[in-house]
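> Here's a structure for you.
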Amino acid sequence: MIACVSPADINREESLNTLRYADRARRIKNKPVVNRDPIAAQLSALRQQIANLRAENSALKNALGGDAAAVAVFATRGQTVASEALQEAYDDLAVRCNALEVENARQNMELDQAHNELKLLRSGLLHAETERDQVMLRMEALQQALAASSDEAVKAALQQDAAAASAAAA
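Numbering (this note's numbering), first residue to last: 1 to 170.
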């Protein structure tokens, strides 16, 4: 940075301000950071890993002497090991699948039982509500009969109550 100052007394204040500004600007430290895309960084790391694996593969081929028969035997042995590992994994998954199917069947049975119990409870509730409504009607009829307080009204209400009770019993 270039700072222009004047030796004259008239410009003394301006020169001091310029020197202070230049000193502050000199103390500024920038820390540059490279902006990297995380996907690009991961792709770069994967490409490097592929290159390392290819180098290891060629080193193994060279260690076998480059003989095509030896490489084929090694590859076949590797396929056998891989096949055995796959078979073990398949067997484990089959056992796990069977266990999950048994658990699923058990839970379906529990769900069916819960549905049946819910149906029974709903029918019981409906029956109880019907009985409650009949009792409420009988009670209202008796209250009206008492309010009228005539003997004929009381007899009629008692007959209705008896008829309702016999209908409910049936």
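We treat Cβ as the ideally placed atom computed from N, Cα and C, and that holds for glycine. Here the structure is a predicted model, which is why all the values come from computation and not from measurement.
1. Pick helix, strand or coil for ASP37, following the three-state DSSP scheme.
2. On the three-state DSSP scale, how would you describe MET1?
3. Measure the Cβ-Cβ separation of ALA164 and ARG138 and say whether it is below 8 Å.
4. Around the C-beta of ALA63, are 16 or more other C-beta atoms found within 10 angstroms, so that it is buried, or is it exposed?
5. Helix, strand or coil: which one does DSSP assign to ILE28?
6. Count the other CB atoms within 10 Å of the CB of ALA55; is the residue buried (16 or more) or exposed (fewer)?
7. With distance defined between alpha-carbon atoms, name the residue in ALA156, GLN144, ASP161 nearest to GLN184.
This is what the structure holds:
1. coil
2. coil
3. yes
4. exposed
5. coil
6. exposed
7. Limits of the chain in this structure are 1 at one end and 170 at the other, which puts residue 184 out of reach.
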